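A quick write-up on the structure given underneath.
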Amino acid sequence: MDHYAARRLKDRVFTILGGLCVVLAVIPLGSILLGVIAKGLPAMSWAFLTTDSLPSTTSPGGIGPAIQGTLMLVGLTSLIGIPIGIMSGIFLAEYGTNRYASVLRLLNDVLTEFPSIVAGITIYLTFVLIFGYSTIAGALALCFILIPIVSRTTEESVKLVPNSLREASLALGIRKWRGTVSVVLRAARSGLITGSLLAVARVAGETAPLIFTAFGNSYFATGLNGPVGSLTMYIFSDWKQPYQGYQLQAWGAALVLILMVLLINIAVRLATRGRGARR
Amino acid sequence: MRSLPSGDTAFKVGAALLASSVVLIVFLAGYVLVSGSTLVLSKFGTYFFTGIEWNSAEGHEIYGALPYLLGTLATSGIAIVVGVPISLGIAIFLSEMSPRRLRIPVSNLVELLAAVPSVIYGLWGFFVFRYFLADYIETPLSAYLGWLPGLGGSPVGVDVLSAGLILSIMIIPTVSSVSREVISAVPNSIREGAYSIGATRWEVTRHWVLNYARSGLFGAVILGLGRAVGETIAVSMVIGNAVGPLALPTSLLKQSQTMSSYIVNIFFDATPGTYEFSAILGVGLFLLVLALVINVLARLMVTRLLKVKGGAVE
Chain P
101 MDHYAARRLK DRVFTILGGL CVVLAVIPLG SILLGVIAKG LPAMSWAFLT
151 TDSLPSTTSP GGIGPAIQGT LMLVGLTSLI GIPIGIMSGI FLAEYGTNRY
201 ASVLRLLNDV LTEFPSIVAG ITIYLTFVLI FGYSTIAGAL ALCFILIPIV
251 SRTTEESVKL VPNSLREASL ALGIRKWRGT VSVVLRAARS GLITGSLLAV
301 ARVAGETAPL IFTAFGNSYF ATGLNGPVGS LTMYIFSDWK QPYQGYQLQA
351 WGAALVLILM VLLINIAVRL ATRGRGARR
Chain L
624 MRSLPSGDTA FKVGAALLAS SVVLIVFLAG YVLVSGSTLV LSKFGTYFFT
674 GIEWNSAEGH EIYGALPYLL GTLATSGIAI VVGVPISLGI AIFLSEMSPR
724 RLRIPVSNLV ELLAAVPSVI YGLWGFFVFR YFLADYIETP LSAYLGWLPG
774 LGGSPVGVDV LSAGLILSIM IIPTVSSVSR EVISAVPNSI REGAYSIGAT
824 RWEVTRHWVL NYARSGLFGA VILGLGRAVG ETIAVSMVIG NAVGPLALPT
874 SLLKQSQTMS SYIVNIFFDA TPGTYEFSAI LGVGLFLLVL ALVINVLARL
924 MVTRLLKVKG GAVE
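Note that the protein sequences, when read in sequence, are chains P and L. With the numbering used here applied, the first sequence has no gaps in its numbers, which climb one by one up to 379 at the end. With the numbering used here applied, the second sequence has no gaps in its numbers, which climb one by one up to 937 at the end.
The structure is reproduced here in structure tokens:
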């Protein structure tokens, strides 16, 4: 084999190795999806999805309260966190050329990798010890995770808005902030929605910060002030029970959770196809 | 000055205040953990960092957090050793070698791994992956190499190795997407120069592209480490949750414990104000400091390289 052929062979081999890495990464995804579907489907029933029946030795009861709690937590977190995240992103994109902004940007990036359990402990010490476990406490802890993600995606999509749009709005004689709100944000809208949805999906899958703040609840919550369940906490408390019924229902809850989270993700990625949107 | 104070200033200040919430969050977390753990740190001093006993029985109280620190380092280490080569392979394949139309669908598929909630990784790890690991990897490993230090123990699939491998799957999306970003920031002129002297795609990648992107790739790896260090739920479900000296990660096939899994497991055993509670917060403080240092380091390395790209494009 001559030298050139050897080099070409090497090129081929490394291309194939790269492809193998992709396959290796996708196998667990396939196995997780198949596993959750195969083990979760047998648990499905209307009663399972809607009831809060008392836990017994063979069954932990339906996941109605867990679904309700997840929706409440995610809703409240979005209500508090998304406006903060978007304003923060606007600040970094529109006024973010000074040193303070670059510190904020770094902190923001660092917070996207914040150990989520620390968020739970922090809210436990500053909020739960005074006011008790509640949906509000859970949402505050989840905000630690949501705000940096929304802020970063907002900054990125606001920066993509061409300057000519800003200049055009200023030329009409309106204030810069009016232009930012009604022209720039409007142009960046799809990016903001994408980022917020991905953050919501991420937050819906969190467990650790909720254990210390929302605490969990087997019954339907009647307000924002009491402990509340979530699908993730339901799975986390039931998987280790020795009873088959509990394990089966943990898989059922996992199926509902993964459908929620993956559907949001897939929808967002289809909607932004080709724009190279990053998590 | 004929109207109300300009809305512009108010808007800018308002946005700046909301943006500062990140400072508040970091400060708040740091403050409560530092102030909460002074009790245990002042009583046990360096033993807290070097000791391996953990006993909350009154009169016998002693708190050493070393096993959990080592457990965190061991599992994150495995995650890096296994996850990084795969992630780099994916990044290189997608940015330099694969057909163009494969790129977006495949990278989306890989990033869906990041969307899977960690409690589901734990569930899958305990009920599915564990048996595969025990039967096909750990049993032969312990049968043939069990005499080696670090490979003793029983092949049940709930141990340091399984936690490390689950973490390696969980960091792949982060490491591969940041690496891809860093690689795509390498100026094309470098590739063109290399191709023009007749190098193959692999040679161009290996000798020029990776060389240029080196510090950014290192940043991506550190970022993966930061993620692995902070992960809680999935790890706590597959690591076996040993306590005290038993938790020392002396073997891949041994039950252990990480800082975050330990906190989740014992948090509700302790009453606020006690030494035990303070010790738990001390472990949390370790975790926070470790994660912050790792992430700041990683971000600085990655963003520096991406800025070069901005300059080159303009």
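Just so you know, even glycine gets a beta-carbon here, dropped at the ideal spot from N, CA and C. None of the values given here were measured: they were computed from a predicted structure.
Beta-carbon proximity list for residue i, same chain, < 7 Å, skipping 5 on both sides
i: Phe382 (chain P); result: With chain P represented from 101 up to 379, any question about residue 382 (chain P) goes unanswered, as that position is not in the structure.
i: Met624 (chain L); result: Low local confidence applies: a pLDDT of 45 at Met624 (chain L) is under 50, so the model's placement there is unreliable, and no value is given.
i: Glu937 (chain L); result: Residue confidence is low: Glu937 (chain L) scores 24 on pLDDT, short of 50, so the model does not pin down where it sits. No coordinate-derived value is stated.
i: Thr855 (chain L); result: Ser883, Ser884, Val887
i: Val861 (chain L); result: Gly745, Gly748, Phe749, Arg753, Val781, Ser785, Ala786, Ile789
i: Thr894 (chain L); result: Phe900
i: Leu848 (chain L); result: Ser699, Ile703, Ile917
i: Ile221 (chain P); result: Phe312
i: Ala354 (chain P); result: Val136, Gly140, Ile335
i: Ile358 (chain P); result: Val136
i: Gly769 (chain L); result: Gly775
i: Ala757 (chain L); result: Pro778, Val779, Gly780
i: Phe634 (chain L); result: none
Residue from the options with nearest C-alpha to residue i
i: Pro183 (chain P); options: P:Ile293, P:Ile311, P:Gly326, P:Val113; result: P:Ile293
i: Phe667 (chain L); options: L:Tyr898, L:Pro740, L:Thr881, L:Leu908; result: L:Tyr898
i: Ile593 (chain L); options: L:Ile794, L:Ser765, L:Ala680, L:Ala633; result: Given that chain L is displayed from residue 624 to residue 937, the structure contains no residue 593 (chain L) and the question cannot be resolved.
i: Ala902 (chain L); options: L:Thr673, L:Gly630, L:Glu676, L:Tyr686; result: L:Tyr686
i: Met172 (chain P); options: P:Leu370, P:Leu240, P:Tyr343, P:Asp338; result: P:Leu240
i: Val779 (chain L); options: L:Ser791, L:Leu771, L:Val801, L:Arg753; result: L:Arg753
i: Leu640 (chain L); options: P:Ala201, P:Leu133, P:Leu362; result: P:Ala201
i: Gly185 (chain P); options: P:Leu359, P:Phe244, P:Pro128, P:Pro142; result: P:Phe244
i: Glu213 (chain P); options: L:Arg927, L:Thr926, L:Arg922; result: L:Arg922
i: Ala143 (chain P); options: P:Val368, P:Leu370, P:Leu204, P:Gly352; result: P:Gly352
i: Leu711 (chain L); options: L:Leu904, L:Ser741, L:Val919, L:Arg837; result: L:Arg837
i: Leu391 (chain P); options: P:Leu265, P:Gly273, P:Ile132, P:Leu204; result: Within the shown structure, residues of chain P are numbered from 101 to 379, placing residue 391 (chain P) beyond reach of any answer.
i: Gly776 (chain L); options: L:Ala697, L:Thr926, L:Gln878; result: L:Gln878
i: Phe716 (chain L); options: P:Thr307, P:Gly119, P:Ser269, P:Ile311; result: P:Gly119
i: Ser799 (chain L); options: L:Gly773, L:Leu756, L:Pro722, L:Leu735; result: L:Leu735
i: Asp631 (chain L); options: P:Ala271, P:Arg275, P:Gln341, P:Leu310; result: P:Arg275
i: Ala688 (chain L); options: L:Leu664, L:Ala680, L:Glu681; result: L:Leu664
i: Gly706 (chain L); options: P:Ala219, P:Pro128, P:Leu225; result: P:Pro128
i: Ser269 (chain P); options: P:Ser282, P:Arg369, P:Val258; result: P:Ser282
i: Ala367 (chain P); options: P:Leu297, P:Gln341, P:Leu310; result: P:Leu297
i: Val844 (chain L); options: L:Leu696, L:Gly816, L:Asn678, L:Val801; result: L:Val801
i: Leu124 (chain P); options: L:Met924, L:Pro796, L:Gly637, L:Tyr670; result: L:Pro796
i: Leu149 (chain P); options: P:Gly162, P:Arg107, P:Ala138, P:Thr157; result: P:Gly162
i: Ser318 (chain P); options: P:Val126, P:Leu117, P:Thr170, P:Ala106; result: P:Thr170
i: Val646 (chain L); options: P:Leu206, P:Leu324, P:Leu246; result: P:Leu206
i: Thr926 (chain L); options: P:Asn263, P:Val228, P:Asn208, P:Phe227; result: P:Asn208
i: Gly175 (chain P); options: P:Phe114, P:Val122, P:Leu324, P:Ala105; result: P:Leu324
Sequence-distant residues of its chain with Cβ nearer than 8 Å to residue i (five each side left out)
i: Leu939 (chain L); result: This structure gives no information on residue 939 (chain L), because the portion of chain L shown stretches from 624 to 937.
i: Ala935 (chain L); result: Residue placement at Ala935 (chain L) is poorly supported in this model, since its pLDDT is 34, which falls under 50; the coordinates still yield a value, given next. Cβ within range, chain order: Pro810.
i: Arg814 (chain L); result: Val827, Trp831, Val832
i: Gly853 (chain L); result: Ser883, Leu910, Ala914
i: Leu260 (chain P); result: Ala288, Gly291
i: Asp338 (chain P); result: Pro160, Tyr346, Gln347, Gln349, Ala350, Ala353
Residues bridged to residue i (per DSSP)
i: Val685 (chain L); result: One point to set straight first is that residue 685 (chain L) is Ile, not Val, in the sequence displayed. L:Asn678, per the DSSP bridge assignment.
i: Phe594 (chain L); result: No information on residue 594 (chain L) is available, as it lies outside the stretch 624 to 937 that chain L covers here.
i: Gly323 (chain P); result: For Gly323 (chain P), which the question treats as bridged, DSSP gives no partner whatsoever.
i: Phe315 (chain P); result: P:Val328
i: Gly776 (chain L); result: L:Leu876
Same chain only: Cβ atoms within 6 Å of residue i, ignoring 5 sequence neighbours per side
i: Pro728 (chain L); result: none
i: Pro941 (chain L); result: The question about residue 941 (chain L) has no answer here: the residues shown for chain L are numbered 624 through 937.
i: Ala702 (chain L); result: Gly787, Leu790, Ser791, Ile794, Ala851
i: Trp146 (chain P); result: none
If we count Cβ pairs, one from each stretch, closer than 8 Å, do we get three or more for the segment 323-343 of chain P versus the segment 234-241 of chain P? Three or more Cβ pairs drawn from the segment 323-343 of chain P and the segment 234-241 of chain P lie within less than 8 Å of each other, which places the two stretches in contact.
Report yes or no: do the segment 649-664 of chain L and the segment 903-922 of chain L share at least 3 C-beta pairs separated by less than 8 Å? For the pair of segments examined, the segment 649-664 of chain L was found to touch the segment 903-922 of chain L: the number of CB pairs separated by less than 8 Å reaches three.
Should the segment 339-347 of chain P be called in touch with the segment 189-199 of chain P, which here means at least 3 C-beta pairs below 8 Å? Counting Cβ pairs under 8 Å, fewer than three are found: no touch.
Closer than 8 Å is the cut-off here; do at least three beta carbon pairs connect the segment 299-310 of chain P with the segment 357-370 of chain P? Yes, the segment 299-310 of chain P touches the segment 357-370 of chain P.
Every unbroken alpha helix (DSSP H) inside the segment 833-914 of chain L [4 residues or more]: If we require 4 residues or more, the alpha helix (DSSP H) runs fully inside the segment 833-914 of chain L come out as 833-853, 856-861, 882-889.
Counting only runs of 4+ residues fully inside the segment 204-234 of chain P, write out the alpha helix (DSSP H) ranges in chain order. Correct list: 216-223.
Please specify which runs of the alpha helix (DSSP H), each continuous and at least 4 residues long, are wholly inside the segment 144-203 of chain P, giving them in chain order. Runs of alpha helix (DSSP H) with 4 or more residues, each lying fully within the segment 144-203 of chain P, are found at 146-150, 164-194, listed in chain order.
In the segment 730-804 of chain L, which residue ranges form an unbroken alpha helix (DSSP H) of at least 4 residues, counting only runs that do not cross its ends? Positions of the alpha helix (DSSP H) runs, each at least 4 residues long and wholly inside the segment 730-804 of chain L, are given as 741-747, 753-756, 762-768 in order along the chain.
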